[in-house]
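Here the protein sequences line up with chains D and H, keeping their order.
Each residue of the first sequence is one higher than the last, beginning at 1 in the UniProt record's numbering.
Each residue of the second sequence is one higher than the last, beginning at 1 in the UniProt record's numbering.
We put the CB at the ideal spot given by N, CA and C, even for glycine.
First comes the structure, then the notes that go with it.
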Amino acid sequence: MRIRLLLAIPLLGALLWAQDPALKDTFVQAKALWATQGDREGATTRFDAVVARLSSRVASLEPEWIQVLCESYNWLAVLDDRSAPNRARAQVRLQSLLELNPDFELDRALTSQRLVSLYDRMRGEKFALVKLSCQPEGGRLLLDGKPTAVLPRKFLPFGTRKLVYGRPGHAPSEITLELGPHDVKSVDFKLVRRASTIILYTHPSDVEILLDGQSLGFAIGKAGPEAASIAQPLGLQPDDLSSPFIIPELMPGKHRLELRAPCFRTRILDLGAELASPPADHTLEPFRMAPSKGSLSVSSVWPGGELFLSGQSHGPLPVADSPVCSGTYELLVRFPGGGFSRRITIEEGKAMAIEARPKPRLAFLGLDEGEFTGRARFQGQMEALGERLHNLAFLAPRSGEPPKEALARLKASREAELFLVARPIPDKVIHRVELVLATFDGEEERLVVKPLEQDPLNSLTARLNAMPPIQQPSLGVSFLDLAGEPGLWVLSASEPALKAGLQIGKSVQSLAGKPIASLQELQPRLEATKGSLSLVQEGASSTLQLQNEALEIPLGSSSLCYPAVLAQLRLQYAGAKGDEANLIKLNLALALMQFRKYDKAIELLRDTRLSTVRGVSQGTVDFHTGLCFLHLGTSYQSEAAQAFRQALKYPQSTLLGPDGPLVAPLARQALEDLK
Amino acid sequence: MRVLSPWFRIPAALLCVLPVLAQGQPQDGELAERLFRSGERAYAAKAYKEALETWGQLLQTAPRSDFAPMALLRLARHQVDIEQKPPAAMPFLDRLRSEYIKSPEAADGLLLRGLLLARQARRPAELKDAMAEFNRVLDLFPDAAVRGEARLQLGRAWRDQGQLGRALQQFIDAFRLNTGSTIVPQALLEAAETLDLLGDLPGCLKLLQRLRTEAPQSPEAAEATWRMAVRVKHRLLKPAFRNDGPWPGGRTKWLKTPTLLTVTPAGELLIFQNDLDRVFRLHEGELTQLEPPAPGTRALVNGPTSVLLVTKAGLIREGSVTPQPLGTLGAISGAALDRWGNLWIADAKTPAITVFAPDGAIRTMASPTANALAPLPAGGVVIATDADRKFLFLDGDGQPRIIVPYGKDLSVPFRSVTALASDGAGHVAALVDGGDYGEGVVLFGPDGTVLRQATFKSLGINGRITSLALDRSGGLILCDRRNDLLIRLN
């Protein structure tokens, strides 16, 4: 990482230089004004401008700009010295220069001998000369723990100074000096090699380098002209390559080098033991990474989806055959009311197609404060809940965000349909945690769990994964399992079934050529069939078309989580039309009745129109409307009566499902009770 | 929507203050919990005395703790379940209702109180207080787990009062709003039976099927199985009676003058053998003798826990020796026990039905002379009166609901009825004689419609048939005293 930082410095400097060309121009103009036109005032003004810009941020300046600043001080000292009114300022300029970089040597071609002598005298008052010799070269020097330039002559402040010289592959060397006025000391660093180093370049840059599976960092930046000899054989320019990436200590033995970059094929290179011993510096041939892409198509029947891959938008759906770099992504499709998420891996040269079905998003806000045994385990189980959910997209809590703040954020952003918060129940010793699961409209369920249980979230998971169907395939026939009667006995049948030849009062012995023994077998077989189905009744065969029949969601069931059911239905409603949409609305109203939100249920039922008149149908809608009005109190009795009268117009309407109890006698009784 | 009763509001306000008062003594709550747990431990070990004392101590020392209502409920349940003294439970339940109405246990307490009141009731009008308690559970505790049970009980009460529409509402809500609850099978069964009483046979059958599909292992599913089978056979298929011959398994001359038959709630056949003066239970082809001997038995009645024998000497309960006198009744032609525990007895020489209440009270209801009598599942009875040549389907108050003339829906009439039998699905079988019809059987639906019929001549039966019973497979069992055997008609 340190190497990575070191390599980053020149790159950033170059960027900075490139980003401030105007200042560079000012500096060059200032020099030209004095050298070619003798315009001292103009030159002084411009050098002052350069100093004003740079001196205020010395700490963050790159070496190139430090050099510009030093030169500017040098020029200003010379210019001030040549102007009688400003001569006194020349010494101030030199003082600033010394504070900035005591190693800076004045330009003797430019500067008078007098000023040079003044500068040397001022430097000698605070700094001692240290003559450095470093073998091998190219290492890194630290002065009192801070990096400093490696120069043959260094001016160091008086006092005790520690110098450390190091280089990749070598043992660092350290020396402590006591420096005082007029001291001139010599220091010789001779490093001892202890390991091999590997220098490598990549094309392109931004490639992750792993050695024996451990990431060492990224090859970044651009190589300098020194890389020309290795770039040319590959037909590349030096700046096509990354800056050199140095593996500083290659331990003895064999190693595996791995280079990874998004959108490129991973390169693996086995390094032989001879590279590690005897220790030496090795420069590998540049690595040219080969592109690696696949394609991704995402579509959905639900409108308004937008595709995100690992947080980056890829535009609205549908997305067809979009080239995507191979690799693993967190795919997310955001819908106006829900989301679809999946971790996908795009393989090189392969196409992936996904049909996005939005799921309600459940945001876990976190575990409230309160210490208890097993808290960390429980929190881990809560945060891993998403892996166990089939019908919901799970959003983990943001690190460090308290549940209350998360709730406020999500309420405002509506990035989720459901939220879950865990609250330890205060006690002398906390043994119970209350899980609150709710929609943002206030439909809420609470569940108390014991965190030390083997799987305290088992019940919650099962409930969240349970979604009752609101339609089921049917033959339009009511069957009975009669004791002593083989097969399914036909109690009643729809007109199409009768026209197809089915006979009431007789048993069906086989379905689709396979015997059927009981009604328990029927529904799974219907669900596994599409289109039509042949039935055999006392040797006579008839073919019936399968049709979907409406169902009501079960109410008061402890195996369902009604906020989740509501969220799921709301999402389904967004993509539904016609009778399907109206059936969803009916079931949404039922779920709201579960929460005793009768007014909201009426709002939904009021506009619900089912075209069917048999089974769960318009009469069912009207009956529930009447019930809701009844629950609102005596003020709405007339509306309730009207709804029940309306329900009576549909004598074949039922509750629960096609074979449920008829609505009519219940509506009739309700009307009787209202008299 | 039900509105909270005014009586609830004042105690509720007072109870809101209780937590504040309790805060001054934090150690009370801890002590109360320990006492409660200690009582539970003792109770689990069947050390009832210790448990009751501990809970009593809890009520004395920490009456305002959350555990006080729990203790009260436990004490009440003990009186009902272990001591079997429901009246002794009432003071605990009354206190629970008056002092702890906001506690979660109050819902259970109100329900239990309602159940006990319903059990005490001897006629429909006496169900009022029980129904009030069930309604309170529904009104005051919108999230209570016992709401389903309260609806079920309320439905039964409405049904017993003859309000079938309201009963149906409650039964349907009981299973519709409490999916997965343990009361669902019972509610489905009750709703199905109510639909049948309301004349919706397909609806009844569909609900019975739903019960079998949703709770196939429940006892109610077993009930639904035979109820479906007999309804389909008798009312939809209506096949002509066929003589299966001696039953079971072709056995002949294996009884000693069998004269009376009946079927227990579990579906077993009871046979009175006149020469042995005893009743026998037929279980899987084997006869078991019931005690005591009962010479001169005229009617067999299935009680909730035992068999009742109506004899010349009086009423004899299974396992008991001393007969209970039945007054002046000398020509007993049939008997039935209703849902309230009242014993209805018909006498062939008395133009009335005599009703013996469990508390010993005797009531006489005006009625034509009944030659035969059988119970109806809705609570009333059906009688056959040869003098008027009619069948009367009487409700729980003895009022005729349906009148069916002898010979209705038949090509030729009969003159007299020897015996009647019924099943839990509302079918009534009559053993008839005389007229152009002659000896034979006629099967009626719950509405008095003739479903199936046959003469013994057409069936090739020439014995002396004195009694009959409806089995759970849609068959008729005939008792032939002359040939000492049973015959099954299919």
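Under the three-state DSSP convention, the category residue i falls into
| i | result |
| --- | --- |
| F456 (chain H) | helix |
| Q25 (chain H) | Interpretation of Q25 (chain H) is limited by its pLDDT of 46, a score under 50 that renders its predicted location unreliable; the figure taken from the coordinates is listed afterwards. If DSSP states are grouped into helix, strand and coil, Q25 (chain H) belongs with coil. |
| A118 (chain H) | helix |
| L583 (chain D) | helix |
| L322 (chain H) | The residue you asked about is not Leu; residue 322 (chain H) is Thr in the sequence shown. T322 (chain H): coil per DSSP, three-state reduction. |
| N274 (chain H) | coil |
| T612 (chain D) | coil |
| M352 (chain D) | strand |
| K162 (chain D) | strand |
| F644 (chain D) | helix |
Any chain H beta carbon closer than 9 Å to residue i
| i | result |
| --- | --- |
| L656 (chain D) | yes |
| P473 (chain D) | no |
| residue 716 (chain D) | Residue 716 (chain D) falls outside the range modelled here, since chain D spans only 1 to 675, and no answer is possible. |
| P651 (chain D) | no |
| L586 (chain D) | no |
| P563 (chain D) | no |
Residue i and residue j closer than 9 Å at C-beta
| i | j | result |
| --- | --- | --- |
| T194 (chain H) | L164 (chain H) | yes |
| L544 (chain D) | L475 (chain D) | yes |
| V130 (chain D) | F104 (chain D) | no |
| P397 (chain D) | D368 (chain D) | no |
| V490 (chain D) | G501 (chain D) | no |
| L96 (chain H) | L140 (chain H) | no |
| P451 (chain D) | R377 (chain D) | yes |
| S467 (chain H) | L431 (chain H) | yes |
| D484 (chain H) | W247 (chain H) | no |
| L486 (chain H) | I271 (chain H) | yes |
Within chain D, partners of residue i - CB distance below 9 Å
| i | result |
| --- | --- |
| V381 (chain H) | In chain order: nothing, as chain D lies at least about 26 Å away. |
| K128 (chain H) | Near K128 (chain H) there are no residues of chain D at all, since even the closest Cβ is about 17 Å away, more than 9 Å. |
| N178 (chain H) | L555, G556 and S557 |
| A191 (chain H) | P661 |
Chain H contact residues for residue i, given Cβ-Cβ distances below 8 Å
| i | result |
| --- | --- |
| Q520 (chain D) | T213 and P216 |
| S492 (chain D) | P202 |
| E672 (chain D) | G165 |
For residue i, the nearest candidate out of the options (CA to CA)
| i | options | result |
| --- | --- | --- |
| L269 (chain D) | D:P279, D:G311 and D:L284 | D:L284 |
| L489 (chain H) | H:L201, H:G250, H:T328 and H:I172 | H:G250 |
| P375 (chain H) | H:T252, H:E126, H:Q324 and H:V263 | H:V263 |
| L151 (chain D) | D:D188, D:L566, D:C628 and D:I230 | D:D188 |
| Y43 (chain H) | H:L75, H:A221 and H:L59 | H:L75 |
| A574 (chain D) | D:K359, D:L23 and D:R82 | D:K359 |
| V78 (chain D) | D:E64, D:L98 and D:R114 | D:R114 |
| L519 (chain D) | D:S494, D:F364, D:S478 and D:W75 | D:S478 |
| H170 (chain D) | D:K185, D:D183, D:H182 and D:K190 | D:K190 |
| R415 (chain H) | H:G424, H:K408 and H:G434 | H:G434 |
| A261 (chain D) | D:G304, D:A493, D:S205 and D:P286 | D:S205 |
| F440 (chain D) | D:L418, D:S459, D:L33 and D:I425 | D:L418 |
| V51 (chain D) | D:A59, D:F27, D:K31 and D:G42 | D:F27 |
| D281 (chain D) | D:L420, D:L250 and D:K185 | D:L250 |
| G124 (chain D) | D:D20, D:S55 and D:V184 | D:V184 |
Chain D contact for residue i (CB, 9 Å cutoff)
| i | result |
| --- | --- |
| V355 (chain H) | no |
| N462 (chain H) | no |
| T225 (chain H) | yes |
| R166 (chain H) | yes |
Under 9 Å by beta carbon: chain H residues contacting residue i
| i | result |
| --- | --- |
| R596 (chain D) | P142 |
| P469 (chain D) | Chain H residues near P469 (chain D): none, gap ~14 Å exceeds 9 Å. |
Per-residue contacts from residue i into chain D (C-beta, under 7 Å)
| i | result |
| --- | --- |
| M228 (chain H) | L480 and L482 |
Residue i beta carbon near the ligand ZN (any heavy atom closer than 8 Å)
| i | result |
| --- | --- |
| L656 (chain D) | Because no ligand of any kind appears in the structure shown, any question about the ligand ZN cannot be addressed here. |
Where residue i meets chain D, residues with beta-carbon distance less than 8 Å
| i | result |
| --- | --- |
| I477 (chain H) | Simply none; closest approach about 17 Å. |
Residue i at chain A interface by Cβ criterion, 9 Å
| i | result |
| --- | --- |
| L236 (chain H) | As a matter of chain content, chain A is missing from the structure shown, whose protein chains are D and H. |
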